[in-house]
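Here is the structure we will look at.
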Amino acid sequence: MFTPVESSFGAFLLHLSTTHLLLGNGRVLGASGALGSALWKPNGYNIPLLAGMGISALGTQYFDAWWKPSYAGAPEVFGKWTWVVCGLLVGVGTKYSNGCTSGHLLCGVPLGRLRSIVAAATFSATCLVTATAVGAYTESPCGSTPCYTLTYPTPARIKQLIAITAAATAISRISLPLLRKLPQRTEEIINSLWSGALFSLGLMIAGMANPTKPLGFFSVIIDGGKRWDPSFLMIPIFALLPNFLIWRRVVGKAGAAPRGGWKISTRGEIDSKLIAGSAVFGIGWGLLGVCPGPGIVGGFLGGWRGASWVLGFVLGRY
Numbered sequence: 008m009f010t011p012v013e014s015s016f017g018a019f020l021l022h023l024s025t026t027h028l029l030l031g032n033g034r035v036l037g038a039s040g041a042l043g044s045a046l047w048k049p050n051g052y053n054i055p056l057l058a059g060m061g062i063s064a065l066g067t068q069y070f071d072a073w074w075k076p077s078y079a080g081a082p083e084v085f086g087k088w089t090w091v092v093c094g095l096l097v098g099v100g101t102k103y104s105n106g107c108t109s110g111h112l113l114c115g116v117p118l119g120r121l122r123s124i125v126a127a128a129t130f131s132a133t134c135l136v137t138a139t140a141v142g143a144y145t146e147s148p149c150g151s152t153p154c155y156t157l158t159y160p161t162p163a164r165i166k167q168l169i170a171i172t173a174a175a176t177a178i179s180r181i182s183l184p185l186l187r188k189l190p191q192r193t194e195e196i197i198n199s200l201w202s203g204a205l206f207s208l209g210l211m212i213a214g215m216a217n218p219t220k221p222l223g224f225f226s227v228i229i230d231g232g233k234r235w236d237p238s239f240l241m242i243p244i245f246a247l248l249p250n251f252l253i254w255r256r257v258v259g260k261a262g263a264a265p266r267g268g269w270k271i272s273t274r275g276e277i278d279s280k281l282i283a284g285s286a287v288f289g290i291g292w293g294l295l296g297v298c299p300g301p302g303i304v305g306g307f308l309g310g311w312r313g314a315s316w317v318l319g320f321v322l323g324r325y
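Taking the numbering used here, I'd label the letters of the sequence shown as residues 8 to 325.
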């Protein structure tokens with residue numbers, strides 16, 4: 008169902024997460040890069056980021072949070088092998104495209120990188136085609152009700168969303184200057200940990216950790232449009248747009264640089280590896296609805312399905 012309120016608040020948390028990491032550590036938040044490098048090249052960025060995502064995800068187990076993702080209704084076109092196959096495709100694709108929805112779409116596009124714009128357009132297109140093909144042979148997760156039907160949270164849930172977002176915003180704004188008084192490595196570890204926790208929380212609240220949610224957005228023509236869920240549109244409005252407006256004023260400027268400087272890739276080539284990798288990633292995403300960020304969350308909460316996706320992803324990266 009279309010959840011504009013929850014998805015808007017979740018998207019804004021994604022903005023806070025990616026902005027905090029960029030302004031605090033000078034890095035873009037790349038979920039595929041963090042997961043792909045953690046086993047072989049653990050460092051003060053990828054391990055704390057993944058730990059933060061895990062803490063946020065596992066917290067739903069202890070607080071019975073309504074935003075805990077559901078994996079019911081996810082299409083399993085390859086049976087029990089679906090999750091590992093899709094993880095493998097996403098791993099291979101992000102290896103050659105050097106990025107995913109977080110690195111290219113959430114961060115690269117607001118930075119105005121043509122390479123990321125091309126990658127995002129490519130994997131979105133192949134995801135659309137794949138999700139459409141898969142949807143033709145699966146049942147609607149919304150049953151007989153159109154997935155674009157508006158649903159609104161209760162007043163109590165709205166108050167909770169406001170409180171979470173206000174607290175996250177305050178902590179991010181206050182902590183950045185305070186953390187600069189600590190040793191640089193300690194500062195960067197804490198920034199990565201906090202950004203990971205916010206990123207995971209944003210994905211779950213927005214509903215994007217549920218495989219059927221992004222698939223619903225790409226199912227625009229299935230069943231006469233009845234499967235279309237516009238919730239994903241809140242991501243560009245409340246995450247990409249704020250990133251663009253804020254980052255363009257500070258990124259790259261010496262006066263705003265973190266102590267470690269800006270660690271932003273300057274690669275600009277658009278080659279066959281980028282196109283092919285993005286296309287393969289889009290296919291893996293469109294088959295199941297799981298990209299690297301939600302895949303990491305699923306690794307903590309998705310049982311054997313989530314674990315097999317992570318295994319497939321790691322195998323695909325190497």
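Note that the Cβ used here is the ideal one computed from N, Cα and C, for glycine as well.
Following the DSSP letters along the chain, one finds Arg-164 inside the alpha helix (DSSP H) bounded by residues 162-186.
By the 16-neighbour rule on beta-carbons within 10 angstroms, Leu-252 is exposed. Between Ser-109 and Ala-38, the beta carbon gap of about 4 Å places them in contact (Cβ cut-off 8 Å). With fewer than 16 neighbouring CB atoms inside 10 Å of its own CB, Asp-278 falls in the exposed class. Following the DSSP letters along the chain, one finds Met-60 inside the alpha helix (DSSP H) bounded by residues 53-70. Under DSSP, Phe-9 shares a beta bridge with Leu-157. The C-beta of Arg-34 has 16 or more other C-beta atoms within 10 Å across all chains shown, which makes the residue buried. If you ignore the 5 residues before and after Gly-268, its C-beta comes within less than 8 Å of the C-beta of Gly-33, all in its own chain and listed in chain order.
Of the candidates Val-99, Asp-230 and Val-297, Val-297 places its Cα closest to the Cα of Thr-219. With contacts defined as CB atoms closer than 7 Å, Gly-302 and Trp-316 qualify as a contacting pair. The residue from Pro-153, Ala-127 and Val-136 with its alpha-carbon nearest to that of Leu-247 is Ala-127. If you ignore the 5 residues before and after Trp-74, its C-beta comes within less than 7 Å of the C-beta of Thr-67, Met-211 and Ile-212, all in its own chain and listed in chain order. Closest by C-alpha distance to Trp-201, out of Ser-182, Arg-192 and Arg-187, is Ser-182. For Glu-195, the enclosing alpha helix (DSSP H) starts and ends at 191-213.
Exposure of Gly-150 is indicated by the presence of fewer than 16 other C-beta atoms within 10 angstroms of its C-beta.
Between the segment 57-71 and the segment 132-139, the count of C-beta pairs closer than 8 Å stays below three; the two stretches do not touch. The C-beta distance from Leu-30 to Pro-265 rounds to 7 Å, short enough to fall under 8 Å. Distance between Phe-130 and Pro-299, taken at the CA atoms: about 13 Å. By the neighbour-count criterion, in which a residue is buried when 16 or more other Cβ atoms sit within 10 angstroms of its Cβ, Trp-235 is buried.
Taking a C-beta distance under 7 Å as the contact criterion, Thr-133 and Ala-286 qualify as a contact pair.
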